[in-house]
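Per the working numbering, the sequence shown starts with residue 11, numbered consecutively. These notes are about the structure you will find just below.
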Amino acid sequence: MARTKEELLAKMAEDVVEMEDEDVVDVCQEYIEAGYPAMEGIMEGLVQGMNKASELYDAEEYFVTDVLLCSDAMYAGLDILKPHLPKDESGKAAPKAVIGVVEGDTHDIGKNLVKILMDTNGFDMYDLGRDVPLEKFVDKAEEVGADIIAMSTLMTTTMGGMKKVIEMLNERGIRDKYKVMVGGSPISKKFADEIGADIYTANAVEAAAAAKEAVGR
């Protein structure tokens, strides 16, 4: 008997949490063949599983290596679902975003989640990784003609790097070319406003929506 949409979504999430990259591919294929919407599969299945993996990491039940294996499973599923997303009918070129974790910080789970969600929302993403030299944000944005510079950190000691990037943009006279997005658990709306950032959200799902709105999509 064919599984319901809810059963398939729950199985996708479970496979991500359990790091089952081969199983998740089979489930995603079954989901698409049944005619269910790809975006819902990504958000309610794969991302749901990744959120659970992040919670297990925060609770110290999962280690970094576990989370990386979970993300491998999620990407395996994403490869199946993404080609079935509805195309942007606007005819506009895809907006571009440079994303990374600021220098001095190597925590990138949140950044990876934002990247995936922006990716599935039609952005061309340029991922600089973690512990990114501050100047690299500016240089890469200039190189690719980015619309958004997105920075994340989980450490209070590296928050100041975000302000420095904005100062670099001002010094070069190119601040108005970019929307600057900041996030991470120690970041607040107040801090974002103080440093002159354009976009702040409390979680990854909101970040993707706010980024889309910022570039008029």
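A virtual CB, placed ideally from N, CA and C, is assigned to each residue, including glycine.
Rounded C-alpha distance that separates residue 192 from residue 209
6 Å
Helix or strand or just coil, what does DSSP make of residue 132?
coil
Suppose you measure from the CA of residue 131 to the CA of residue 212; what does that come to, to the nearest Å?
18 Å
Residue 161, enclosing beta strand (DSSP E) - first and last residue:
158-162
Buried or exposed for residue 69, going by 16 or more other Cβ atoms inside 10 Å?
exposed
Determine which residues share a DSSP beta bridge with residue 137 and list them.
109
Which full runs of the alpha helix (DSSP H) of 4+ residues lie inside the segment 17-98, going along the chain?
31-43, 57-68, 74-91
Reference residue 139, options 128, 155, 116, closest by Cα:
116
Which complete alpha helix (DSSP H) runs does the segment 180-217 hold, if anything under 4 residues is left out?
199-205
Cβ of residue 38 within 8 Å of Cβ of residue 119?
no
Answer yes or no: do residue 56 and residue 22 have a C-beta to C-beta separation smaller than 8 Å?
yes
Quick check: the Cα distance between residue 36 and residue 122, rounded to an integer number of angstroms?
24 Å
To the nearest angstrom, how far is it from the Cα of residue 13 to the Cα of residue 52?
17 Å
Proximity winner among 27, 26, 15, relative to residue 43 (alpha-carbon distances):
15
State the DSSP-derived secondary structure class of residue 225, mapped to helix, strand or coil.
coil
Counted within 10 angstroms of its Cβ, other Cβ atoms place residue 207 as buried (16 or more) or exposed:
buried
Cβ pair residue 215, residue 127 closer than 8 Å
yes
Bridge partners for residue 142 per DSSP, in chain order?
112
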